[in-house]
Structure formats: structure tokens, C-alpha cells
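K.L.:
For reference, each letter of the sequence shown is one residue, going 709 to 826 in our numbering.
By construction, the Cβ of each residue, glycine as well, lies at the ideal position given by its N, Cα and C atoms.
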Amino acid sequence: MAKILNLRNPSQKMSKSSPSVQSRILITDSPQEIQSKITLAVADSIKFVTYNPINKPRISNLLDIYCSITGEEKSLSKRFEGRMADELKSWLVDVLVEELRPIQVKLERLQGERTEVD
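#1: Within the chosen definition, does the region 720 to 727 reach the region 748 to 762 through at least 3 CB pairs nearer than 8 Å?
#2: Compare the C-alpha of E780 against each of D794, V803, F756 and D737 and name the closest.
#3: Run through the DSSP bridge pairs and tell me what L770 is partnered with.
#4: Which word fits V757, buried or exposed, when buried means at least 16 other C-beta atoms lie within 10 angstroms of its C-beta?
#5: Can K782 and L771 be called in contact, C-beta distance under 8 Å?
#6: Determine the extent of the alpha helix (DSSP H) in which K745 is found, giving its start and end residues.
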């Protein structure tokens, strides 16, 4: 499993203790919040996507997140090569929203049940 890094500073791990709320994705983030955070995520000064964690850690972090969710191997993520960084960000938003949706639905249900018990 890949180490998921901070969206604003990929030299640090993603953590809820980071002072910037834009640095992380929370399971409670709405689709709009996820889109905003990924859109604002730093992506190196490149036009096209390439996986190179040493020289391009920012865009590589976004690819790591995408591949961690989809189970796709980074070596198989050739479909991103030559694509614009914004395309990767858009796909990443889609998979994050879909991955988190069932968790959020269950969380809302459990919170509703807790209110009824109180």
C-alpha cells in the first residue's frame, strides 16, 4: 500500500493534524469539498502526467492515491501518461467520491440512530 502524502506538501504524510484543511481528504468531506481539495492540490510544474516520485512528487502522489483506491498498478497507469494533470485530478475526484459514498451513507445512518437513542 502506498504512503499517502499531504496534498499541499508531498514531503509530509497526509494527516488530520496538519494545519491546512486543504492538505487532506476526510471521510466526511462532501463531493464539493473533495473536488476543491484535489483541484487545489499541487501538481508540480508539468503539463503532462508522468509517474516519477523523486523528480515529480506532487503529481506522483495524486497517482499513488488514485492507484491505491482503484487497485491499479502504477506501472499499469500508462493511460495517464501524456494526459493533462487536470484530467488526472478529475478522475481522482470521481474515484474518491465513489469510494467514500458508501462509508458516508453508513456514517449518516449510524449518527441518526445515535440521535434516536439519546
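P.N.:
The short version:
#1: no
#2: Within the sequence shown, residue 780 is the residue found at index 72, counting from 1. The shortest Cα separation from E780 among D794, V803, F756 and D737 belongs to V803.
#3: Numbered from 1 along the sequence shown, position 62 holds the residue referred to as residue 770. According to DSSP, which records beta bridges pairwise, L770 is partnered with nothing at all.
#4: Here residue 757 refers to the residue found at position 49 when the sequence shown is read from its first residue. It is buried - the Cβ of V757 has at least 16 other Cβ atoms within 10 Å.
#5: If you number the sequence shown from 1, residue 782 lands on position 74. If you number the sequence shown from 1, residue 771 lands on position 63. The answer is yes: Cβ separation under 8 Å.
#6: By one-based count along the sequence shown, residue 745 stands at place 37. Run containing K745: P739 to L748, per the alpha helix (DSSP H) assignment.
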